[in-house]
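Okay, so here's the structure we're looking at.
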Amino acid sequence: MNRTIPQTTDQQTKRRSGMWTRRLSGELLAHTLLIIVAVLFLVPFLWLVITSLKQKSQVFTDPLVWIPDPIMWSNYPKALTSPSFPFVRLLSNTIFYTVTSTLGVVISSTVVAYAFARMDFRGRDTLFGITLATLMLPGIVTLIPTYVLFSTLGLVGSYAPLILPVWFGTAFNIFLLRQFMMTIPFDLTDAARVDGAGDGVILWRVMVPLIRPALLVVAIFHFLYTWNDFMGPLIYLSDSNDFPLVLGLYSFRGRFGGSVDWPLMMSASIAIIVPVVLLFFVAQRSFIEGVTLTGLKGA
Amino acid sequence: MASITPEANRPPIARAPRRGMSRRLRDDLRAYLFISPWIFSLLVFTGYPMLASFYFSMTKYNIVSPPVWIGLENFRVMFTEDSLYWLAVWNTVYYTAISVPLSLAVALGLALLLSQRARGIGIYRTIFYLPSLVPTVASTLLWIVLLNPRLGLINVALETVGLPRLGWLQSEDWSKPAIILMTLWTGTGGAMLIFLAGIKDVPQSLIDAAMIDGANGWQRFRYVTLPLLTPTIYFNLILGIIGSFQVFGQVLVASGGGAGQAGPLNSLLMYMVLLYRNAFRSFNMGYASALALVMFIVLVLLTLLVVRTSNAWVHYEAAPRR
Numbered sequence: 001m002n003r004t005i006p007q008t009t010d011q012q013t014k015r016r017s018g019m020w021t022r023r024l025s026g027e028l029l030a031h032t033l034l035i036i037v038a039v040l041f042l043v044p045f046l047w048l049v050i051t052s053l054k055q056k057s058q059v060f061t062d063p064l065v066w067i068p069d070p071i072m073w074s075n076y077p078k079a080l081t082s083p084s085f086p087f088v089r090l091l092s093n094t095i096f097y098t099v100t101s102t103l104g105v106v107i108s109s110t111v112v113a114y115a116f117a118r119m120d121f122r123g124r125d126t127l128f129g130i131t132l133a134t135l136m137l138p139g140i141v142t143l144i145p146t147y148v149l150f151s152t153l154g155l156v157g158s159y160a161p162l163i164l165p166v167w168f169g170t171a172f173n174i175f176l177l178r179q180f181m182m183t184i185p186f187d188l189t190d191a192a193r194v195d196g197a198g199d200g201v202i203l204w205r206v207m208v209p210l211i212r213p214a215l216l217v218v219a220i221f222h223f224l225y226t227w228n229d230f231m232g233p234l235i236y237l238s239d240s241n242d243f244p245l246v247l248g249l250y251s252f253r254g255r256f257g258g259s260v261d262w263p264l265m266m267s268a269s270i271a272i273i274v275p276v277v278l279l280f281f282v283a284q285r286s287f288i289e290g291v292t293l294t295g296l297k298g299a
Numbered sequence: 001m002a003s004i005t006p007e008a009n010r011p012p013i014a015r016a017p018r019r020g021m022s023r024r025l026r027d028d029l030r031a032y033l034f035i036s037p038w039i040f041s042l043l044v045f046t047g048y049p050m051l052a053s054f055y056f057s058m059t060k061y062n063i064v065s066p067p068v069w070i071g072l073e074n075f076r077v078m079f080t081e082d083s084l085y086w087l088a089v090w091n092t093v094y095y096t097a098i099s100v101p102l103s104l105a106v107a108l109g110l111a112l113l114l115s116q117r118a119r120g121i122g123i124y125r126t127i128f129y130l131p132s133l134v135p136t137v138a139s140t141l142l143w144i145v146l147l148n149p150r151l152g153l154i155n156v157a158l159e160t161v162g163l164p165r166l167g168w169l170q171s172e173d174w175s176k177p178a179i180i181l182m183t184l185w186t187g188t189g190g191a192m193l194i195f196l197a198g199i200k201d202v203p204q205s206l207i208d209a210a211m212i213d214g215a216n217g218w219q220r221f222r223y224v225t226l227p228l229l230t231p232t233i234y235f236n237l238i239l240g241i242i243g244s245f246q247v248f249g250q251v252l253v254a255s256g257g258g259a260g261q262a263g264p265l266n267s268l269l270m271y272m273v274l275l276y277r278n279a280f281r282s283f284n285m286g287y288a289s290a291l292a293l294v295m296f297i298v299l300v301l302l303t304l305l306v307v308r309t310s311n312a313w314v315h316y317e318a319a320p321r322r
């Protein structure tokens, strides 16, 4: 996946053939366009921050207020300690949800993917075909019976319906990890087999260290998916003490009724966005490789 | 998305020659042990719900009392009596028909911009992708502020350039365009990165050959890059259709929750919102299952249609990717 090499050689060719002026004007045009679009993409973020620092009365004014006066830093502690938005509790619920779900997905999907990639058994190709087919399955068709199932088990109102299903692997992650494992030379796993290692040992000692980048991609995307998950918690959770951040924000807005305190809403939103953005900057490489590797749309 | 049919170039699994059935059986059993969680999941969380939704769709069922068989009654009500049904269908089709092509075009445009050789391109890539990270509830709340009909930033900007202010989420005509606008901000980053990878995979030799033949920038894009991108466009088109038919979070937040009208004159009553209300507000599980089933069948047919027509416009003659 090394995509930078052709680019560099091309630049060198151009430099040698002396196309400096053309290159420069081309780059100028590109930069102009890029800056315009970048501003369009950044203004909503800017407005989010500005609004979060305003007084409630300054949100919708004519003319617009670009620099809040006074700057309401106190909006943040006010929003995050509000009894309608118990941030610490919501955060710990979210962390519980994301971490348990992500751990389960990574472990189970790795084990299953290994069987698809390295073990020879009857029905493997059929089963893999079914797995691919479920990739395209719209969630809508399984939603209600799954709810009924968990309702019968008395688990509606807990995190079990949100976490339990993915502990048995998900089609997408199995597919992704299996594809990645297929790129690992068979010599490496076969050598371990000749030395007498069983499949469990080969998976844990040979395969897992080699596919660490793919595991990271799976973990990051699943973490993000659960962090942003709205519909699952909305359907299954009813006690606001159990809510994750996103659902907490939704119900925070609902409590205002007609006159919403937008600066507080924006402060709370920023508190939810910041951890995700930080994660993105820490693991940017994995992110971008992951999106292109998997064809995953957004989060 | 390397390839959906990976079996073709798969190396054989090296292994000692088989020593009788018992060894083979033991291999199978060990593999089934590894794969058992997934088989369990396929049976319990995919197979059973699919079968059950066929059954539920022919019943009257509120979870509390057992399902009562009513045959095709749910479908009759859906197609002939429920006026909200056709409204939801119309809203969803409207949203999908505009937002999917538009999102693809914007994502492709952004990717083309990012494929330019300019300094600091990584920063722009980050900026364009950043909105995709924002949770739906947070981004929708932000856009409610931006799209305020009286003094929102967007309307003030429109007025500055001499355009009329719009009602956006408060207006029957503009509420769906408002949601589409939000989707363009939050929903194009992923596709953009995929397109960018596709553009970078176009062999430089082809571009050079076209340049020698005198092709200008637009011609190089139209006749070299674009045909080679069609598999990627195709893939994103299918995912886009499936995703936007099930649009839910944005509209639920933007239209102020699950009760009352969904947006002005129910103009934001999307299919998924109708289903959510029936299933989890009034617990008409039978009717909601029928709704889900119809959506499922439509999506399968649409996907098949795209697959069928793809021969006409998707080019696979490119060198195998990666």
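Protein sequence lines, in the order shown, are assigned to chains A and B.
According to our numbering, the first sequence holds residues 1 to 299 in order.
According to our numbering, the second sequence holds residues 1 to 322 in order.
Ideal Cβ placement from N, Cα and C applies to all residues, glycine included.
Coarse secondary structure for residue i, derived from DSSP in three states
i: Lys-346(B); result: The shown model of chain B, from 1 to 322, leaves out residue 346(B), and the question about it has no answer.
i: Val-68(B); result: strand
i: Leu-149(A); result: helix
i: Pro-77(A); result: helix
i: Ile-211(A); result: coil
i: Lys-54(A); result: coil
i: Asn-74(B); result: helix
i: Trp-174(B); result: coil
i: Met-182(B); result: helix
i: Phe-287(A); result: helix
i: Ala-323(B); result: Given a span of 1 to 322 for chain B in the structure shown, any question on residue 323(B) remains unanswerable.
i: Val-166(A); result: helix
i: Leu-296(A); result: Note on Leu-296(A): pLDDT 47, under 50, position unreliable in the model; no value is reported.
i: Leu-64(A); result: coil
i: Met-136(A); result: coil
i: Ala-14(B); result: With a pLDDT of only 49 at Ala-14(B), under 50, the local geometry of the prediction cannot be trusted, and the value read off the model is given with reservation. If DSSP states are grouped into helix, strand and coil, Ala-14(B) belongs with coil.
i: Gly-123(A); result: coil
Nearest to residue i (by Cα), restricted to the options the options
i: Met-231(A); options: Phe-172(A), Leu-143(A), Trp-73(A), Leu-264(A); result: Leu-143(A)
i: Trp-262(A); options: Val-49(A), Leu-34(A), Val-37(A), Phe-87(A); result: Val-49(A)
i: Ser-151(A); options: Ser-83(B), Leu-104(B), Val-64(B); result: Val-64(B)
i: Ala-88(B); options: Arg-281(B), Phe-296(B), Ala-262(B), Ile-297(B); result: Ala-262(B)
i: Arg-150(B); options: Ile-273(A), Ala-268(A), Pro-63(A); result: Pro-63(A)
i: Phe-45(A); options: Val-274(A), Leu-155(A), Leu-33(A); result: Val-274(A)
i: Phe-41(A); options: Leu-72(B), Leu-130(B), Trp-90(B); result: Leu-130(B)
i: Arg-30(B); options: Phe-243(A), Val-112(A), Phe-252(A); result: Val-112(A)
i: Phe-235(B); options: Gly-167(B), Gly-190(B), Trp-218(B); result: Gly-190(B)
i: Leu-141(B); options: Ala-271(A), Arg-253(A), Phe-280(A), Val-276(A); result: Arg-253(A)
i: Trp-174(B); options: Leu-184(B), Thr-186(B), Leu-147(B); result: Leu-147(B)
i: Ile-270(A); options: Asn-75(A), Val-105(A), Val-99(A); result: Asn-75(A)
i: Asp-190(A); options: Leu-33(A), Gly-157(A), Met-119(A); result: Met-119(A)
i: Leu-181(B); options: Pro-101(B), Ala-209(B), Ile-233(B), Ile-123(B); result: Pro-101(B)
Cβ of residue i within 8 Å of any chain A Cβ
i: Tyr-95(B); result: no
i: Tyr-124(B); result: yes
i: Ile-180(B); result: no
i: Phe-221(B); result: no
i: Arg-23(B); result: no
i: Gly-260(B); result: no
i: Phe-75(B); result: no
i: Ala-138(B); result: yes
i: Ala-254(B); result: no
i: Phe-34(B); result: yes
i: Tyr-234(B); result: no
i: Ala-215(B); result: no
Residue i vs residue j beta-carbon contact at 8 Å
i: Tyr-95(B); j: Val-298(B); result: no
i: Thr-226(A); j: Ser-92(A); result: no
i: Ile-35(A); j: Tyr-147(A); result: no
i: Phe-296(B); j: Ile-140(A); result: yes
i: Tyr-97(A); j: Met-207(A); result: no
i: Val-304(A); j: Leu-215(A); result: There is simply no residue 304(A) to check, as chain A begins at 1 and stops at 299 in what is shown.
Cβ separation of residue i and residue j, assumed to be a contact under 8 Å, to the nearest whole Å
i: Gly-169(A); j: Ser-109(A); result: 5 Å
i: Phe-221(A); j: Gly-123(A); result: So it is not a contact: roughly 29 Å between Cβ atoms.
i: Thr-303(B); j: Met-72(A); result: The Cβ separation is near 50 Å, so there is no contact.
is_contact[residue i, chain B] using C-beta, thresh 8 Å
i: Leu-33(A); result: yes
i: Arg-285(A); result: no
i: Pro-315(A); result: What the structure shows of chain A is the stretch from 1 to 299, and residue 315(A) is not part of that stretch, so it cannot be assessed.
i: Thr-146(A); result: yes
i: Ile-272(A); result: yes
i: Val-59(A); result: yes
i: Gly-157(A); result: no
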